[in-house]
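Novice: Protein chains in written order, with my numbering: chain P, 18 to 222; chain E, 18 to 222.
Think of the CB as a built atom: it goes at the ideal place given N, C-alpha and C, for glycine as much as any other residue.
Because the structure is a prediction, the values reported are computed rather than measured.
I have a structure here, written as structure tokens, and I will follow up with some questions on it.
Number of protein chains: 2
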Amino acid sequence: MTDVPDIVVSRLPVYLRALQYMVINGKSTTSSQELGEKVGISAAQIRKDLSQFGEFGKQGTGYNIPFLIDSLLQILKVEKVWDVVLVGMGELGHAILRYQGFVNRGFNIVACYDSDPLKIGTKINNYSILDVKDLVKDAKKAEIKMAMLCVPASSAQKVTDLLVEGGVLAILNYAPLSLAVPTYVRVQYIDPVIGLQRMAYYLNK
Amino acid sequence: MTDVPDIVVSRLPVYLRALQYMVINGKSTTSSQELGEKVGISAAQIRKDLSQFGEFGKQGTGYNIPFLIDSLLQILKVEKVWDVVLVGMGELGHAILRYQGFVNRGFNIVACYDSDPLKIGTKINNYSILDVKDLVKDAKKAEIKMAMLCVPASSAQKVTDLLVEGGVLAILNYAPLSLAVPTYVRVQYIDPVIGLQRMAYYLNK
DNA sequence: ATCATATTGTGTTTATTTGCACTAAAAGGG
DNA sequence: CCCTTTTAGTGCAAATAAACACAATATGAT
Chain P
18 MTDVPDIVVS RLPVYLRALQ YMVINGKSTT SSQELGEKVG ISAAQIRKDL SQFGEFGKQG
78 TGYNIPFLID SLLQILKVEK VWDVVLVGMG ELGHAILRYQ GFVNRGFNIV ACYDSDPLKI
138 GTKINNYSIL DVKDLVKDAK KAEIKMAMLC VPASSAQKVT DLLVEGGVLA ILNYAPLSLA
198 VPTYVRVQYI DPVIGLQRMA YYLNK
Chain E
18 MTDVPDIVVS RLPVYLRALQ YMVINGKSTT SSQELGEKVG ISAAQIRKDL SQFGEFGKQG
78 TGYNIPFLID SLLQILKVEK VWDVVLVGMG ELGHAILRYQ GFVNRGFNIV ACYDSDPLKI
138 GTKINNYSIL DVKDLVKDAK KAEIKMAMLC VPASSAQKVT DLLVEGGVLA ILNYAPLSLA
198 VPTYVRVQYI DPVIGLQRMA YYLNK
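Below, the structure is given as structure tokens:
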């Protein structure tokens with residue numbers, strides 16, 4: 018358990034999401050077979066993945082969904098809510114700030130930053146846009162560990178360096194470029210175009 | 018080349034993005050070493066990946082960037098622009114429609130749809146919001162192969178079925194759930210929370 | 001012209017990931 | 001109570017992916 022491959026970890030949130038969806042639909046138990054069909058992953062794969070962390074099912078009956086959800090929340094450390102900062106209040110930053118889907122899945126935006134003097138101080142959804150100059154100081158003080166990065170590509174690396182300086186250890190990067198960070202900092206990339214280009218490869222012209 | 022692993026294909030857009038960024042910064046040649054440092058992938062990996070499609074570099078000197086970009090555009094089939102439809106004109110759909118970064122990377126939103134009578138017919142950025150009831154017919158007629166899906170989770174599968182019926186073969190799914198599609202249809206998932214949860218695993222509470 | 005340096009493409013090895021198939025256990029029916 | 005069915009967890013084999021290391025080749029300096 019001290020050395021679970023990242024590829025296994027990356028599937029857990031997908032299982033979690035499907036299980037939470039099942040609960041909403043009134044189900045209380047499931048099997049690796051059924052879950053696998055929902056998420057498009059083989060039943061054996063799911064059992065192997067879960068077995069990395071313990072035994073969560075019962076032979077013959079499968080998995081108790083609320084228990085498995087709870088276990089996954091613990092494993093992923095999202096049974097409590099993480100404070101996250103948002104940097105870059107353009108079009109996308111605004112949409113993210115207004116999105117209601119973070120809190121009940123473990124993340125709460127506690128502050129948002131921009132460098133544009135025209136934006137700093139204005140209010141959106143009860144959030145005051147703060148000056149990115151205060152980012153390092155604020156992040157250190159509030160011990161922020163996670164950030165979402167929505168600035169233009171041209172300033173993304175600069176802001177990343179600030180986040181790292183401020184003690185942030187996990188960055189969700191919406192800027193369309195690869196970031197350089199120390200090995201102890203994690204980055205997840207969200208670039209819709211990369212997804213589209215991956216799929217275009219398989220299309221016929 | 019008829020059977021390149023998807024994991025290789027998935028890295029090509031990352032290489033492409035980094036190379037295009039290099040061109041902007043005035044560079045005209047690079048090496049697998051340098052590119053690897055930029056994108057966080059080993060030089061050997063990059064060479065192996067590219068060798069799946071041909072020989073693009075020269076011993077001693079490395080890669081000519083414009084030539085490699087061109088080659089990757091061809092391989093990924095994004096040297097021309099694909100028509101894409103957008104379904105779901107909520108907060109996120111609006112932000113996507115206003116985003117300027119698709120066209121110069123190979124994708125053009127040609128129509129947007131919603132099911133809300135209050136939205137249908139209204140205009141955003143020169144786009145009229147169309148009735149999702151016309152989606153299947155329109156997609157067939159215009160031979161649309163790609164779609165972005167931004168509807169709520171509760172209607173995502175239903176709309177997906179419409180897209181498949183309309184002949185769409187590639188779906189960029191922003192709805193936070195796994196979709197069921199025929200094997201010949203590809204889906205790429207964009208769920209920021211999954212990225213955050215993956216990273217939370219590695220944080221200490 | 002020769003040598004030192006840089007760097008690709010690739011055969012081979014190593015590591016990782018997935019799938020298979022079986023044992024063990026649980027539940028339900030007659 | 002026993003038999004059938006279901007299904008988890010897992011050791012092992014197969015498949016896949018990544019890393020290594022080296023021959024081949026290009027450049028530029030002396």
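Using a cut-off of 7 Å between C-beta atoms, extract the partners of G212(E) located in chain P.
Specialist: Simply L189, Q205, I207.
Novice: Have a look at I137(E) and R64(E) and give me their C-alpha separation to the nearest angstrom.
Specialist: Using only the alpha carbons, I get a separation of about 49 Å.
Novice: Which residues in chain P sit within 7 Å of A93(E), going by Cβ to Cβ distance?
Specialist: The identity of residue 93(E) in the sequence shown is Leu, whereas the question assumes Ala. Per Cβ cutoff of 7 Å: Q214, A217, Y218.
Novice: Between L152(P) and L194(P), is the Cβ-Cβ spacing less than 7 Å?
Specialist: No.
Novice: Using a Cβ-Cβ cut-off of 6 Å (strictly less than) and excluding sequence neighbours within five positions of V102(E), which residues of its own chain qualify?
Specialist: Cβ within range, chain order: A128, I161, A164.
Novice: Mark S59(P) as exposed unless 16 or more other C-beta atoms lie within 10 angstroms of its C-beta, in which case mark it buried.
Specialist: Exposed is the call here.
Novice: For the region 88-131 of chain E, list the alpha helix (DSSP H) runs that are entirely contained and at least 4 residues long, ordered along the chain.
Specialist: Within the region 88-131 of chain E, the complete alpha helix (DSSP H) runs of at least 4 residues are 108-115.
Novice: Does the distance from the C-beta atom of Q91(P) to that of V21(P) stay below 7 Å?
Specialist: No, the Cβ-Cβ distance between Q91(P) and V21(P) is not below 7 Å.
Novice: State the beta-bridge partners of A164(E) as determined by DSSP.
Specialist: According to DSSP, A164(E) bridges with V102(E), I188(E).
Novice: For V25(P), tell me which candidate among F84(P), L89(P), I41(P), K55(P) has the shortest Cα-Cα distance.
Specialist: That would be L89(P), whose Cα lies nearest to the Cα of V25(P).
Novice: Between the C-alpha atoms of L114(E) and I188(E), what's the straight-line distance to the nearest angstrom?
Specialist: One C-alpha to the other measures close to 16 Å.
Novice: Counting only Cβ pairs nearer than 7 Å, list the residues of chain P close to K55(E).
Specialist: Ordered by position in chain P, the residues that pass the 7 Å Cβ test against K55(E) are S195.
Novice: I want to know whether the region 93-100 of chain E touches the region 40-53 of chain E - three or more CB-CB distances under 8 Å.
Specialist: No contact exists between the region 93-100 of chain E and the region 40-53 of chain E.
Novice: Tell me, to the nearest whole angstrom, how far the beta carbon of Q205(P) is from that of R122(E); I am working on the premise that it is less than 8 Å.
Specialist: Not a contact, Cβ separation roughly 20 Å.
Novice: What are the residues in the region 91-122 of chain P lying within 8 Å of chain E by C-beta distance?
Specialist: For the region 91-122 of chain P, which is checked against every Cβ of chain E, the residues closer than 8 Å are I92, L93, K94, V95, K97, W99, V101, E108, L109, H111, A112, I113, R115, Y116, G118, F119, R122.
Novice: Take the Cβ of S45(E) as the centre, count every other Cβ of all protein chains shown within 10 Å, and call the residue buried at 16 or more, exposed below.
Specialist: Counting Cβ neighbours within 10 Å, S45(E) comes out exposed, since fewer than 16 surround it.
Novice: Can you pull the chain E residues whose beta carbon is under 7 Å from the beta carbon of L186(P), in chain order?
Specialist: Under the 7 Å cutoff, chain E gives L220.
Novice: Determine the chain E residues that contact V31(P) at a beta-carbon separation under 8 Å, and present them in chain order.
Specialist: Those within 8 Å of V31(P) in chain E are S195, I211.
Novice: Could you tell me the boundaries of the beta strand (DSSP E) in which D148(P) lies?
Specialist: From DSSP, the beta strand (DSSP E) with D148(P) extends over 144-148.
Novice: Below 8 Å on C-beta distance, what does Y38(P) contact in chain E?
Specialist: Under the 8 Å cutoff, chain E gives A170, L194.
Novice: So is S49(E) in contact with chain P if we call contact Cβ pairs under 7 Å?
Specialist: Taking Cβ atoms only, chain P never reaches closer than 7 Å to S49(E), which makes this a no.
Novice: Please name the residue in K158(E), A159(E), Y191(E) whose C-alpha comes closest to that of Q174(E).
Specialist: Residue Y191(E) is the option with its Cα nearest to Q174(E).
Novice: Run through the DSSP bridge pairs and tell me what I82(P) is partnered with.
Specialist: I82(P) pairs with nothing; no bridge assigned.
Novice: Please check if any C-beta of chain P sits within less than 7 Å of the C-beta of V68(E).
Specialist: A small correction: the amino acid at residue 68(E) is Ser; Val does not occupy that position in the sequence shown. No, S68(E) lies away from the interface with chain P (no Cβ there is under 7 Å from its Cβ).
Novice: Would you list, in chain order, the members of the region 153-181 of chain E that have their beta-carbon closer than 8 Å to a beta-carbon of chain P?
Specialist: Answer in chain order: K162, M163, M165, A170.
Novice: Taking just the CA atoms, how far does G77(E) sit from D208(E)?
Specialist: When rounded, the distance between both Cα atoms is 42 Å.
Novice: When you compare the CB of F73(E) with every CB in chain P, is at least one pair closer than 7 Å?
Specialist: No, F73(E) lies away from the interface with chain P (no Cβ there is under 7 Å from its Cβ).
Novice: Please confirm whether V181(P) and A156(P) have their CB atoms less than 7 Å apart.
Specialist: In this structure, A156(P) does not lie closer than 7 Å to V181(P) by Cβ.
Novice: Note down, in chain order, each residue of its chain lying with its Cβ closer than 7 Å to the Cβ of I82(E), except the 5 sequence neighbours on either side.
Specialist: Closer than 7 Å at Cβ, skipping near neighbours: L36, M39, V40, K44, S45, T46, T47.
Novice: Is there a Cβ from chain P that is less than 7 Å from the Cβ of F84(E)?
Specialist: No, F84(E) lies away from the interface with chain P (no Cβ there is under 7 Å from its Cβ).
Novice: Could you say which of V210(E), Y218(E), A112(E) lies nearest to R34(P) if we only look at CA atoms?
Specialist: Nearest option by C-alpha distance: V210(E).
Novice: At the 7 Å Cβ level, is S27(P) part of the contact set with chain E, yes or no?
Specialist: Answer yes: the Cβ-Cβ gap between S27(P) and chain E drops below 7 Å somewhere.
Novice: Going straight from the alpha carbon of S171(E) to that of S49(E), what length do you get?
Specialist: Whole-angstrom Cα-Cα distance: 45 Å.
Novice: So what does DSSP say about G77(P), is it helix, strand or coil?
Specialist: Three-state result, G77(P): coil.
Novice: Between which two residues does the alpha helix (DSSP H) holding Y38(E) run?
Specialist: Where Y38(E) is concerned, the enclosing alpha helix (DSSP H) stretches over 23-41.
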